[in-house]
Amino acid sequence: SITYTDLPHNDFSTLFRLSQGLLGTSTEAPLAETPGLYIFGSGTSFYRQILPDDSLSFGFSATAMHWISKRPCMIADHVQAVGASNAEREQFRAQALRDWETILLARARELRSGGRLALANFCVDEEGRYLGHTTGADMFDSFARHWRDLLRVGRISETEYVNATFQQFYKTPDEFAAPFRDPASPVSQAGLRLETIFTMVTPCPYAEAFRTHRNAKDFARAYVPTLRSWSETVFANALDPARPPSERSAIIDDFYGAYEADVAQAPEGHRMDYVHCVTEIVKS
Numbered sequence: 008s009i010t011y012t013d014l015p016h017n018d019f020s021t022l023f024r025l026s027q028g029l030l031g032t033s034t035e036a037p038l039a040e041t042p043g044l045y046i047f048g049s050g051t052s053f054y055r056q057i058l059p060d061d062s063l064s065f066g067f068s069a070t071a072m073h074w075i076s077k078r079p080c081m082i083a084d085h086v087q088a089v090g091a092s093n094a095e096r097e098q099f100r101a102q103a104l105r106d107w108e109t110i111l112l113a114r115a116r117e118l119r120s121g122g123r124l125a126l127a128n129f130c131v132d133e134e135g136r137y138l139g140h141t142t143g144a145d146m147f148d149s150f151a152r153h154w155r156d157l158l159r160v161g162r163i164s165e166t167e168y169v170n171a172t173f174q175q176f177y178k179t180p181d182e183f184a185a186p187f188r189d190p191a192s193p194v195s196q197a198g199l200r201l202e203t204i205f206t207m208v209t210p211c212p213y214a215e216a217f218r219t220h221r222n223a224k225d226f227a228r229a230y231v232p233t234l235r236s237w238s239e240t241v242f243a244n245a246l247d248p249a250r251p252p253s254e255r256s257a258i259i260d261d262f263y264g265a266y267e268a269d270v271a272q273a274p275e276g277h278r279m280d281y282v283h284c285v286t287e288i289v290k291s
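Sequential numbering from 8 applies to the sequence shown in our numbering.
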């Protein structure tokens, strides 16, 4: 059997239609037609146990566990922990490390002896690189600058500015590995062992395409909407709910419009390379 899991508001309907071959034009047989395979879904956070004890043979997750369970504080003059003050960043780090242990202990209960986890998580790598910060413009600094511009001209309030604090933290490889290196840790005591760990950078496809076509406006029109697709809820939810919906929409449109204009005017250095820490974990 295979169990797909995500937060309760995930679009499971599309997932199930895809697995049943009801979407797309693929000539391959849909997953549901695999003999002897049973497909399930669970709207349960990975901060909780999802499967029964000793029932999981293989677990996989990618690009998800940088979202922490709660914001330990608000970031006063940035939008993400990478640009926070030292004191703020330490609070986010402590929360992220607690969350990492929670995730691992839940998976330890689910895994059978010999079961494995393959995880690819956003990180700060050995060279200090992270999502949107590999060369040139820093993506989160750009977010913060354009959000601050709205505060400066009076479009948003100080409270709304601070509210746009991403509930995220990018751990280092050492922080991912720490629970496994301590034989007395709850994770080690639960039988989990870190078998493989490495980092990798995946080049931004929009920036790579721009190197070929050299059309700055086309690059900006393709690149910024991709950033918007996963970040918009943070900025939209930061706005006062008492504002009319049309006003909130206009602010968000102007925010991303300014970012797009910035990229179109000076495209070099803008890119969202993925920086992952890949871990393979086995239960004894």
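All C-beta atoms in this analysis are idealised placements derived from N, C-alpha and C, irrespective of residue type, glycine included.
Remember, predicted model here, so these are calculated numbers, not experimental data.
- Distance between S256 and F173, taken at the CA atoms: about 19 Å.
- Residue H283 holds the alpha-carbon nearest to the alpha-carbon of T209 among H283, A113, H73.
- When secondary structure is reduced to three states using DSSP, H220 falls in the helix class.
- Its chain contains R119 as the residues whose beta carbon lies nearer than 7 Å to that of D61, once the 5 sequence neighbours on both sides are disregarded; these appear in chain order.
- The three-state reading of DSSP puts Q87 in coil, since its state is none of H, G, I, E or B.
- Between the region 212 to 219 and the region 183 to 203, the count of C-beta pairs closer than 8 Å stays below three; the two stretches do not touch.
- Between the alpha carbons of P251 and I258 lies a gap of roughly 11 Å.
- If you check the CB distance, S238 and F99 do not come in under 8 Å.
- Membership of Y281 in the beta strand (DSSP E) is indicated by the continuous run 281 to 290.
- Here the region 136 to 145 makes no contact with the region 216 to 227; the two share fewer than three CB pairs at distances below 8 Å.
- Around the beta-carbon of A227, 16 or more other beta-carbon atoms lie within 10 Å, marking it buried.
- If you ignore the 5 residues before and after S49, its C-beta comes within less than 6 Å of the C-beta of T10, T12, I57, all in its own chain and listed in chain order.
- Of the candidates E165, M72, T233, W154, the residue whose Cα lies closest to the Cα of T286 is M72.
- In the structure shown, the three-state DSSP call for N128 is strand.
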